[in-house]
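With my numbering applied, the sequence shown covers 848 to 1482.
Beta carbons are placed, not taken as given, at the ideal position from N, Cα and C, and that holds for glycine.
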Amino acid sequence: MQDNYSAQHIQILKGLEAVRKRPGMYIGTTGPDGLHHLVYEIVDNSVDEALAGYCSDIKVTIERGNIISVLDNGRGIPVDIHPVENVSALEIVHTHLHAGGKFDKKSYKVSGGLHGVGVSVVNALSEWCEVTIHRQGLIWHQRYQRGVPVEPVKEIGESTITGTFTRFRADYEIFDTTNYSFDVLSNRLRELAFLNKGIKITITDDRPQTPKVHEFQFEGGVKSFVSHLNKNKTTVHDEPIYFEAGNDSIELEVAMQYNEGYNENIFSFVNNINTREGGTHLVGFKAALTRTFNDFLKKSKLSKKIEENLTGDDVREGITAVVSLKIPEPQFEGQTKAKLGNSDVKGIVESLVNGNLTTYFEEYPRVVSKILEKTVTAAKARAAARKARDLTRRKNFLESNGLPGKLADCSEKDPTKCEVYIVEGDSAGGSAKQGRDRKFQAILPLWGKMLNVEKTRIDKVLTNEKLQPIIASLGTGAGPNFNIEKLRYHKVIIMADADVDGSHIRTLLLTFFFRYMADLVEQGNVYIAMPPLYKVALGKKVRYAYDEKDKDKIIEEFDAPEDKILIQRYKGLGEMNPDQLWSTTMNPDTRRIMQVRLEDSVEADEMFTTLMGEHVEPRRRFIEENALAVSNLDV
Ligand code: 0RA
């Protein structure tokens, strides 16, 4: 028995050692994403306990020193001795890989899903970790260092409550940073609260510099989620459409509401995991949507207004929807394992949505006629725009090679080596053309009025005189036809003045990329050029400063009397000659460019709606609150 235990013990250590050797295999990265992942892993277990019906309250705290604690009021992790292993169940879940969630199979384990690697992984990657269990009148405790128990599970007192309390400090030997972002955690916890209605989730920042508390509890579930997503939009009908449905193996929750915009915003989840790449549940949902609206249209006099059936694009114009599915054994596929593969799900979801939407529409005929009117308008506009587009194509501004006449292309043909600068303003465009390295740098000057795509229907966007050359130059198409495989330049660099107008252009272009070429942004192909703000000269020595700090540093380094140092503030790109533009802003060895990253599509949507949408008041508030740092537009 003793030998048996030792052999067991060595196995466990090997398991945890594997996690510490290759953390990426278990949590993706050892950067900020992986770090925050530790918290989700612990919280997911508490959410599972809530889904099983035994827990209503989860409290997450970022303590001083970036220690995380998670408290729930569930049944408490069992502490009894496992008959085969001869150790406490509590110890097993913290030291055995994949031992989490094996206790009862009835509920849909969030923790068994995409990232579900179990608390043992969190434990292995923590400098230390401790758990306190309140259960059956007693309090139990165990502590670990880098995954290894430093003491057996001990009874330490009596209790009248039940629950699990986990504290850990991520291991600085493993992670690039151990500093948590309150906003990142808060956003995910809010999402979890939307997706699991009724659960109260609180997050507290107890670090002395940044005290904060957010409390989330939504009795409306995904219906509240949709209201939240649409909060700054003008809606077509007052209340989101909502239903819950299922059979003995799956649970489906759907909420949707149309707004007067033209974007399609459908967020889909499986077992609380955002299926960014969609999958069979989303396909089923979309098919049902198109079919149900066409069925209702046939019975309406509106049907005379269009010649053909409504298309998927017609019925999804201006929709905001959340589709949340819970199933026992999800199969995740796709590039980022964020696509549901279970093939039987399509038919099940399609028929559930069909039935429930039909019932809903029969009960709320005013809602369905408002939406039908919108979809018919969309269908008519699409038909008209198709004709207009054929026209522009014929008399268009494209050369015989399909590229815009204003594009100064590069000679290199391998897209991975190519860059295109999208330049606002004719004079800057001219300097850029002269200053560039024509081997791998292409220049596309922009002309015409910039369009706010947030307020424009897709067909107008695709034929817009300013955006059309961009779409043609990149070669990818846009919107539903977007194909990243055809991308002609792997760096797409926006170059505009460092002033308010430049910032406006940047935002409008980013909005376009986000809405019509989302993969481009997601894959990190979009950059922003950073022209210098100042030229600092001492005699013949010239240096460029990209911000105030830079400028001060250069002045300090020059170490000369102030009146000898010449400081010129650049008002625009146009003030630089081609050589200067090359060395300050375009030469890969000396320039600065920022990669545009979108961490969270829900929040990005909210940000673009706020910045570019119709409502002025939220925009003013947003800009005030985010005057300098637009945090999730992490450039
Ligand atoms: C399985 C069985 C039981 C509790 C739990 C899991 C549980 C796990 C976690 C993880 C975090 N919080 C948790 N709360 C509960 C107990 C079953 C019983 O009491 O019969």
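Coarse secondary structure for L1380, derived from DSSP in three states: DSSP places L1380 in coil when its eight states are reduced to three.
Return yes when at least one heavy atom of ligand 1 lies under 8 Å from the C-beta of C976, else no. no
What is the DSSP secondary structure of W1429, counted as helix, strand or coil? W1429 sits in a helix when the DSSP states are folded into three classes.
Proximal residues to E1091 (C-beta, below 6 Å), its chain only, five neighbours per side dropped: E1100
Beta-carbon contacts of V1073 that lie in its chain and below 6 Å, excluding the five residues immediately before and after: P1087, A1102, Q1104, T1167 and V1169
Mind checking whether the beta-carbon of V1000 lies closer than 8 Å to any heavy atom of ligand 1? Look at V1000: its beta carbon is at least 8 Å from all of the heavy atoms in ligand 1.
Please state the DSSP three-state secondary structure of G948. The predicted model places G948 with a pLDDT of 45, which falls under 50 and marks its position as unreliable, so this point remains unresolved.
Counting only runs that start and end within the region 1220-1308, where is the alpha helix (DSSP H) found for 4 or more residues in a row? DSSP runs (the alpha helix (DSSP H)) wholly in the region 1220-1308: 1273-1282.
Taking 9 Å as the cut-off, decide whether the C-beta atoms of N1110 and E1301 are in contact. yes
Using 8 Å as the threshold, is the region 901-919 in touch with the region 1013-1032, meaning 3 or more CB pairs across them? yes
Best match in F1140, E1180 and L1204 for proximity to K1221 [C-alpha to C-alpha]: It is F1140 whose Cα lies nearest to the Cα of K1221.
Continuous alpha helix (DSSP H) stretch holding M872: start and end: P870 to I874
Using a threshold of 9 Å, state whether the C-beta atoms of G1126 and I1195 are closer than that. When the beta-carbon positions are compared, G1126 and I1195 stay at least 9 Å from each other.
So, are the CB atoms of A1325 and R1283 less than 9 Å apart? Contact flag unset, no.
Might you give, ordered along the chain, the residues of its own chain that have their beta carbon closer than 6 Å to the beta carbon of D951, omitting 5 neighbours on each side? With a pLDDT of only 43 at D951, under 50, the local geometry of the prediction cannot be trusted, and the value read off the model is given with reservation. Answer for D951: no residue qualifies.
Coarse secondary structure for A1476, derived from DSSP in three states: Here the model assigns A1476 a pLDDT of 37, short of 50, so the residue's position is not dependable, and the following value carries that caveat. A1476: coil per DSSP, three-state reduction.
Note down the Cα distance separating Y1417 from N1156, rounded to an integer number of angstroms. 56 Å
Chain-order list of residues whose beta-carbon lies under 6 Å from that of G994 (same chain, five-residue window excluded): A distance below 6 Å between beta-carbons, with the five flanking residues on each side excluded, links G994 to the following residues of its chain, in chain order: L863, N970 and A971.
Check whether the Cβ atoms of E1440 and K1338 lie closer than 9 Å to each other. In the sequence as displayed, the identity of residue 1440 is Ile instead of Glu. For I1440 and K1338, yes; Cβs fall inside 9 Å.
With 16 as the cutoff for other CB atoms within 10 Å, does I1008 come out buried or exposed? exposed
C-alpha gap between K1059 and V907, whole angstroms: 12 Å
What are the boundary residues of the beta strand (DSSP E) that Q989 is part of? L985 to Q992
Using CA atoms only, rank isn't needed, just tell me which of D1452, S1278 and I1097 is closest to L1428. S1278
Best match in Q1281, K1264, Q1288 and K1313 for proximity to E1271 [C-alpha to C-alpha]: K1313
Spell out a yes or no on whether the region 1180-1199 and the region 1145-1154 are touching, meaning 3 or more CB-CB pairs, one atom from each, closer than 8 Å. no
Identify whether G1010 lies in helix, strand or coil by the three-state DSSP scheme. strand
Can you check which of these residues, I1305, T1310, T1263 and K1396, is closest to L1334 by C-alpha distance? The residue with the shortest Cα to Cα distance from L1334 is T1263.
What do you reckon, are the CB atoms on I1218 and V1069 nearer than 9 Å? no
Kindly list the residues whose CB is nearer than 8 Å to the CB of N1201, restricted to its own chain and excluding five residues on each side of it in sequence; keep chain order. A1135, R1138 and T1139
CB contact flag (I924, I1003, <9 Å): Not closer than 9 Å, so no.
Could you give the distance in angstroms between the alpha-carbon of T1310 and the alpha-carbon of E1464? For T1310 and E1464, the gap between their C-alpha atoms comes out near 31 Å.
Go ahead and pull the three-state DSSP assignment for F1065. coil
Would H883 and V1031 be called neighbours here (beta carbons separated by less than 9 Å)? yes
Considering only heavy atoms of ligand 1, does any lie closer than 8 Å to the CB of R1335? If you check the C-beta of R1335 against ligand 1, you find no heavy atom less than 8 Å away.
DSSP three-state call for G1093: helix, strand or coil? strand
For Y1207, I'd like the list of residues in its chain whose CB is within less than 7 Å of its CB, leaving aside the five on either flank, ordered along the chain. I1088 and F1090
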